[in-house]
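First residue of the sequence shown? That's 1158 in the working numbering, and the numbers climb one at a time after it.
Built from N, CA and C at the ideal position, the CB exists for glycine as well.
The block underneath contains the structure these notes are about, expressed in structure tokens.
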Amino acid sequence: MLFNVNTVYAEEDYIKQSKLIENVMDTTVILTIYNKDSAKTNEQFEYIENLFRKYHYLTDSFNDLSSENVYNLKTNLSLINQAFNVNHEVDKELYDLLLYAESLRFETDGYFDYTIGNLIDIWKEGVTKYKYQEMPKNEFQLILNQANNYQVVTDPIEFIEENGLYYVKIKEGVKLDLGGIAKGYVTNLAKDYLLANNTNYYMINSGQSSIAVGEKPDQTNYSIAIQDPVNSNRLYYAVVYVTNQTITTSGNNLQYFLYEGIRYHHIINPKTKMPAANYHALTIVGKDAGAMDAYSTALFSMPKGMLDEGLAQAEAEGAFYETHTNNIINKTEKINIVLENNIEGANKIGRYLILGLSIFVIAILIIGTILLYKNKQTSFKRPELFKDLALFIILILAFGVGYLNYHFWPKANPSIAEINYKLETYVTVDFDMQSININKQQSQDYPRYEIIDLKHFVTILGDYKINNERQEVVVEINFVTNEIRVSEENSPHNFCSLQGWTGRGAIICMPNNVTITFRSGNNFDLIL
């Protein structure tokens, strides 16, 4: 499926094309590639889609090979897991992947273990049955007993290479599960293929567990926001800025059940046989997507004292969202931790309670006046009066509740402000990143961005003229409160300067034809 095909950076003739690869490895892969030749991109799309689909069949541990077997595969994980202590002839691709997974099992001291599929299934059954819900005590105890009785098999797999053929043999009690590495491994193969074909501008989004990015034609970094797994008042807790890197995120917020209010999820610590409990989420950044995928699983289970050692082994950097404290341990300069909430609650409750009380008092005064007036009329009809009063009270209450709800209901803080001239965006203000980007020039000197006495100003030309000279509109930006104002001192003849500091809706400066709009969206390339 192709979408969003458009030419960008026309001076270099790069064409941005994107493609969805659906229903592979329990996710949807999104490819974004910039090339000067769209035919080349389409050829790359086809190759990468076949790559993901082939490995999808190879690594499927729940379904046998279909009767079609379009890739002429010898076997897959599901078939291997059904027969113990026999030599299974496998394709070279699966052999190499299993061998790589085995090397990482040793490298991580078993914290990444692709051979404990039966233990993972015990906990996954609970997640499937009680997803996001509280599990009854008797069922939790049953799962706990099953997990405790599970025996981790020593030397679980044997690799055999004979006469140019490849075999693997597993011991009884082993179930191979490559869910913790397969997507990253194939993402890395796709990345290497693009680089070998002289395509440096790309993003491969293989779901939360694996993202690979190259460069951008405009030479800016990719910005990827990481959703907050706990705090609903904060849309994201970190932003990753990278070029030519891979990003992997693991978390307990998508697959879990609750027991006594605690999340039990699908990332299992092979040492304790329990869901790992140190972090709600972690994000690591490095070069090899396969290694990052496996190490994100391992680091989730490793004791916190092994964090630095594990990152050094992985040649990675990362941020870790602690479970019990909700503190964030940041081990990289590539990730910006967003400490403040992205959602604004009712932080002015007192003011609006007074407003609500005022509405109520005004309504009582109006009703009293009507009653007094009606009592003086000779044609006074009590039923009609009560009908009128009931309707009036309903209208007043509806207005009051609606108005208060508008102010009380939590809203997303503005992330982006756009300074527009004649409805075209000339300047973009990113409050989260505390950055100002001039997208388009009016002339050599406008718009311009200045920092004066630690205050941020953007100056743009409006249409209003004095002595046949267009006047400046000077906009001040406050990155602490996420608000903007048009400077009354520096922007004469602008009624919009009377609006003061604003962080919602719009500022409309007439007759200058300048508008400032706010939105809670973002300029991120991706949100995980």
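Scanning Ala-1434, Asn-1302 and Lys-1286 for the CA closest to the CA of Phe-1414 turns up Lys-1286. The three-state reading of DSSP puts Gln-1402 in strand, counting E and B together. A Cβ-Cβ distance of about 6 angstroms is found for the pair Ile-1237 and Leu-1333, placing them in contact under the 8 angstroms criterion. Remark: C-beta atoms of His-1213 and Val-1247 do not approach each other more closely than 7 angstroms. In this chain, the alpha helix (DSSP H) harbouring Gly-1467 covers 1464 to 1471.
DSSP places Lys-1612 inside the beta strand (DSSP E), whose first and last residues are 1612 to 1623. In this structure, the CA atom of Met-1449 is about 21 angstroms from the CA atom of Ala-1353.
Contact between Val-1643 and Ile-1664 holds: CB atoms are separated by about 6 angstroms, below the 8 angstroms threshold. Rounded to whole angstroms, the separation of the alpha carbons of Tyr-1621 and Met-1667 is 8 angstroms.
In this model, Pro-1427 and Phe-1269 are separated by some 8 angstroms (Cα to Cα). Between Lys-1461 and Asn-1435, the gap from beta carbon to beta carbon is short of 7 angstroms. Considered as a whole, the stretch 1331 to 1370 harbours 1359 to 1362 and 1368 to 1370 as its complete beta strand (DSSP E) runs of no fewer than 3 residues, in chain order. Per the coordinates, the alpha-carbon of Glu-1581 lies some 13 angstroms from the alpha-carbon of Leu-1618.
When DSSP assignments are scanned along the stretch 1198 to 1222, no uninterrupted stretch of alpha helix (DSSP H) that is 4 or more residues long falls wholly within it. In the structure shown, Ser-1592 adopts extended strand secondary structure according to DSSP, grouped into three states. A straight line joining the alpha-carbon of Glu-1200 with that of Leu-1255 spans about 28 angstroms. The criterion of a C-beta distance shorter than 7 angstroms is not satisfied by Thr-1440 and Ala-1471. Beta bridge pairing from DSSP links Asn-1577 with Thr-1582 and Thr-1672. The bridge partners DSSP lists for Met-1431 are Asn-1426. When beta bridges are read from the DSSP output, Phe-1652 appears opposite no residue.
The beta-bridge partner set that DSSP reports for Asn-1635 consists of Glu-1640. Judged by beta-carbon spacing, Phe-1681 lies beyond the 7 angstroms limit of Asn-1639, meaning their Cβ atoms are not closer than that value.
The stretch 1306 to 1315 makes no contact with the stretch 1405 to 1419, as fewer than three CB pairs between them are under 8 angstroms.
Here the C-alpha atom of Ile-1641 lies approximately 5 angstroms from the C-alpha atom of Ile-1634. When rounded, the separation of the alpha-carbon atoms in Val-1442 and Phe-1219 is 30 angstroms.
From the listed residues Met-1459, Met-1431, Glu-1629 and Ala-1369, the smallest Cα separation to Asn-1306 is found for Met-1431. Contact check for Ile-1190 against Tyr-1359 passes: the beta carbons are separated by less than 7 angstroms.
Rounded to the nearest whole angstrom, the C-alpha separation of Asn-1378 and Glu-1372 is 7 angstroms. Assignment of Asn-1180 by DSSP, reduced to helix, strand and coil, places it in the strand class. When beta bridges are read from the DSSP output, Ser-1380 appears opposite Tyr-1398.
Under the DSSP assignment, Glu-1264 falls in the alpha helix (DSSP H) whose first and last residues are 1249 to 1264. Here Phe-1681 is not bridged, per DSSP, to any residue. Counting every other CB atom within 10 Å of its CB across the protein chains shown gives Asp-1217 a total of 16 or more, marking it as buried.
Per DSSP, Asn-1409 lies in no alpha helix (DSSP H) and is assigned neither H nor E. Closest by C-alpha distance to Tyr-1478, out of Asn-1388, Ile-1425 and His-1423, is Asn-1388.
Residue pairing by DSSP places Phe-1414 opposite Tyr-1421 in a beta bridge.
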